[in-house]
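Per full-length UniProt numbering, residue 1 is the first one in the sequence shown, and the count goes up by one each step. Data block below; observations after.
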Amino acid sequence: MISVETQSDGAILEVTASGTISSSDYEATLVPAIEAALADHDQIRLLILVGEEFAGFDMSAVWADTKLGVSHWRGFDRIALVTDTGWVQTSARLASPMMPCPMQVFSLAGIEEARRWLRESLGAIHVIDLGGPCVQVRLLGQVDPGEYAQATGDLDAMIRGKQGFRLLIDLTEFDGWQGLSALDAHFHLGRTHAPLLDRAAIVGNKGWQHMAQRIGNQLIKADIQYFPEEDMDNAKSWLAAG
């Protein structure tokens, strides 16, 4: 059986699974609830509670679950799975890197932590005017697609009033992307603004960030330099010079 409760004006759904789940549970309960929520919200967040009463899925439910995921692939913003069932935890952790959104596994005792995680913002992007042609984009925490959409608008508005475009990418507090959709949004932001760029400074503290500078120099005509975290002031000076 599946039961669904709505929270936060329908933007968060709490789904409880018990007994043996069949395709009729999806068709009669879960799919209508998700589609109703998506009619009012571009994306929704799910808390899925799999308790001790859960006995598994029949094959029709496995197919229904696959169809649901494919049909609403970009409709999920974040998923919290709450369970003590070992094979469910393991399956979720294996699937998590392939999900379009962040998915976190919690124990039954951690259900309130799961609810807090669903409600909070995990990352942010700040677009800062450094004067002249220079703009700083600062990525904080784990960034989701919505943050990229907001940052794209902010960056477009800022560079419209500038003569030239030079970018400082601050990765010193960046922890990565929230799912594949966020990674796709990251590359979309880069592709959109790369042709306008004449110089970029990447400031970071991880090896892969330095590698990003080398790859960028192969793909983008702009001059790109990497600076370690302690050289932030030097990065800003280099960006503004010339």
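All C-beta atoms, glycine included, are put in the ideal place defined by N, C-alpha and C.
**OP:** Identify whether Pro133 lies in helix, strand or coil by the three-state DSSP scheme.
**Re:** In the sequence shown, counting from the first residue as 1, residue 133 sits at position 133. Coil at Pro133, not helix or strand.
Subject >> Cutoff 7 Å; reference Leu239; Cβ partners in own chain excluding five residues on either side >> reply: Taking the first residue of the sequence shown as 1, we reach residue 239 at position 239. Contacts found: Cys134, Arg166, Leu168, Arg199 and Ala201.
Subject >> Minimum C-alpha distance to Pro195 - residue among Lys221, Gly176 and Asp42 >> reply: Here residue 195 refers to the residue found at position 195 of the sequence shown. Among Lys221, Gly176 and Asp42, the Cα nearest to that of Pro195 is on Lys221.
**OP:** Express the C-alpha separation of Glu35 and Glu27 in angstroms, rounding to a whole number.
**Re:** Taking the sequence shown and counting its residues from 1, the one referred to as residue 27 is at position 27. Taking the sequence shown and counting its residues from 1, the one referred to as residue 35 is at position 35. Each residue's Cα considered, the two are about 11 Å apart.
Subject >> Selection from Glu113, Ile159, Ile21 and Gln218 that minimises the alpha carbon distance to Thr192 >> reply: The sequence position of residue 192 within the sequence shown is 192, counting from 1. Nearest of Glu113, Ile159, Ile21 and Gln218 to Thr192, Cα basis: Ile159.
**OP:** Identify, in the order they occur along the chain, each residue of the same chain with its Cβ nearer than 6 Å to the Cβ of Tyr226, setting aside the five sequence neighbours on each side.
**Re:** Your numbering for residue 226 matches position 226 in the sequence shown. Correct list, in chain order: Ile202, His210 and Gln213.
Original post:
What are the start and end residues of each continuous beta strand (DSSP E) run of 3 or more residues lying completely inside the region 8-87, in chain order?
Top reply: 12-21, 44-57 and 76-83
Subject >> Minimum C-alpha distance to Ser237 - residue among Ala124, Gly75 and Gly131 >> reply: The residue you call residue 237 lines up with position 237 of the sequence shown. Ranking Ala124, Gly75 and Gly131 by Cα distance to Ser237 puts Gly131 first.
Original post:
For Gln104 versus Gly75, is the C-beta spacing smaller than 8 Å?
Top reply: Within the sequence shown, numbered from 1, the residue matching residue 104 stands at position 104. Within the sequence shown, numbered from 1, the residue matching residue 75 stands at position 75. No.
**OP:** Provide the residue(s) that pair with Leu196 in DSSP beta bridges, ordered along the chain.
**Re:** Here the question's residue 196 lines up with position 196 in the sequence shown. Leu196 pairs with nothing; no bridge assigned.
Subject >> Under the three-state DSSP convention, the category Ala201 falls into >> reply: Here the question's residue 201 lines up with position 201 in the sequence shown. DSSP places Ala201 in strand when its eight states are reduced to three.
Original post:
Is it right to say Gln163 is buried, meaning 16 or more other beta carbons lie within 10 angstroms of its own, or is it exposed?
Top reply: As a first step, residue 163 must be located in the sequence shown, where it is residue number 163. Exposed, because fewer than 16 other Cβ atoms sit within 10 Å of the Cβ of Gln163.
Subject >> For Glu173, the first and last residue of its enclosing alpha helix (DSSP H) >> reply: Taking the sequence shown and counting its residues from 1, the one referred to as residue 173 is at position 173. Segment Arg166 to Trp177 is the beta strand (DSSP E) holding Glu173; no alpha helix (DSSP H) there.
Subject >> Contact under 8 Å by Cβ, Arg138 with Asp175 >> reply: Numbered from its first residue, the sequence shown carries residue 138 at position 138. Numbered from its first residue, the sequence shown carries residue 175 at position 175. Not a contact, by the Cβ cut-off of 8 Å.
Original post:
Excluding the five sequence neighbours on either side, which residues of its own chain have a C-beta within less than 7 Å of the C-beta of Gly56, listed in chain order?
Top reply: Position 56 of the sequence shown, counted from the first residue, corresponds to residue 56. Within the same chain, Gly56 has close Cβ partners Thr20.
Original post:
Thinking C-alpha only, which one of Ala92, Gly51 and Glu120 is nearest Ile12?
Top reply: As a first step, residue 12 is located in the sequence shown; it is residue number 12 there, counting from the start. Among Ala92, Gly51 and Glu120, the Cα nearest to that of Ile12 belongs to Glu120.
**OP:** For Tyr226, write down the residues that DSSP places opposite it in a beta bridge.
**Re:** Here residue 226 corresponds to residue number 226 of the sequence shown, with the count starting at 1. In the DSSP output, where bridge partners are listed per residue, Tyr226 has Ile202.
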